[in-house]
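K.L.:
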Amino acid sequence: MKRLAILGASGHGQVVADTAECCGWQTVEFFDDAWPGLQKNSVWQVVGDTAALMNRLAEFEGVVVAIGNNRIRHAKLIELRAAGASLVTLLHPAAIVSRYAAIGQGTVVFAGTVVNAEASIGLGAILNTGCSIDHDCVLGDAVHISPGARLAGGVYVGDLSWIGIGACVRQLVRIGERVMVGAGSAVVSDIPNDVTVAGVPAKRMR
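Taking the working numbering, the leading residue of the sequence shown gets 22, the next gets one more, and so forth.
1) List the DSSP bridge partners of residue 25.
2) Kindly indicate which three-state DSSP category residue 43 falls into: helix, strand or coil?
3) Curious, which full-length alpha helix (DSSP H) runs of at least 4 residues does the segment 84 to 160 contain?
4) Please determine if the segment 157 to 165 and the segment 178 to 189 are in contact, where contact requires at least 3 C-beta pairs separated by less than 8 Å.
5) Just to confirm before moving on: does the CB-CB distance between residue 49 and residue 28 stay below 8 Å?
6) Residue 138: which of 146, 147, 124 sits nearest, CA to CA?
7) Give me the Cα-Cα distance between residue 167 and residue 201, rounded to the nearest whole angstrom.
8) Between which two residues does the beta strand (DSSP E) holding residue 219 run?
9) Using 8 Å as the threshold, is the C-beta distance between residue 144 and residue 37 below it?
Now the structure itself:
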């Protein structure tokens with residue numbers, strides 16, 4: 022029986038668990054630092070916190086982190102990898118991922134997502150429902166591409182950056198690390214590290 026541990030019991034975690042079951046994982050158990058106060062996440066049991074998961078890693082064929090906050094997700098992934106966890110990648114069967122794309126450990130790709138040839142996705146990314154990543158894009162570690170966002174060819178997105186729901190990014194644009202792009206924005210020029218941008222065209226927020 023294939024057993025998967027998910028760290029992070031939230032609405033996002035529910036979608037990760039549903040995706041995992043669609044990928045053939047037979048048993049899914051949640052861990053969350055709100056345990057024991059939090060006992061269930063929808064139909065799935067929450068059975069312990071991060072420390073409990075660390076003590077039980079050998080019981081699971083796979084582990085995935087379902088935490089939306091990029092910084093926290095990245096820190097948990099690094100901690101788990103150092104402890105020898107079997108970090109897995111989840112590709113929903115209704116996603117279209119080119120065989121010529123590279124998808125990093127711990128990344129989740131939800132239904133309706135398209136990842137085209139020669140795209141490269143880092144550790145622990147979230148490619149959320151119905152987003153598209155075109156050819157030759159490079160995404161760093163712990164990036165989140167929100168539902169319906171569109172990245173044209175050759176876009177670079179740095180570590181820990183978040184592209185908001187429905188945003189669009191023009192071809193060959195470079196987005197730095199720890200950037201937040203607002204919902205519905207149109208990014209048509211390069212964005213430096215550590216800024217928030219929004220609007221059409223996207224501009225730096227004060």
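By construction, the Cβ of each residue, glycine as well, lies at the ideal position given by its N, Cα and C atoms.
Because the structure is a prediction, the values reported are computed rather than measured.
P.N.:
On the basis of the data shown:
1) Beta-bridge analysis with DSSP links residue 25 to 49, 83.
2) In the structure shown, residue 43 sits in a helix (DSSP, three-state: H, G or I).
3) 91 to 103
4) yes
5) no
6) Cα-wise, what sits closest to residue 138 is 124.
7) 11 Å
8) 217 to 219
9) Residue 144 places its beta carbon 8 Å or farther from that of residue 37.
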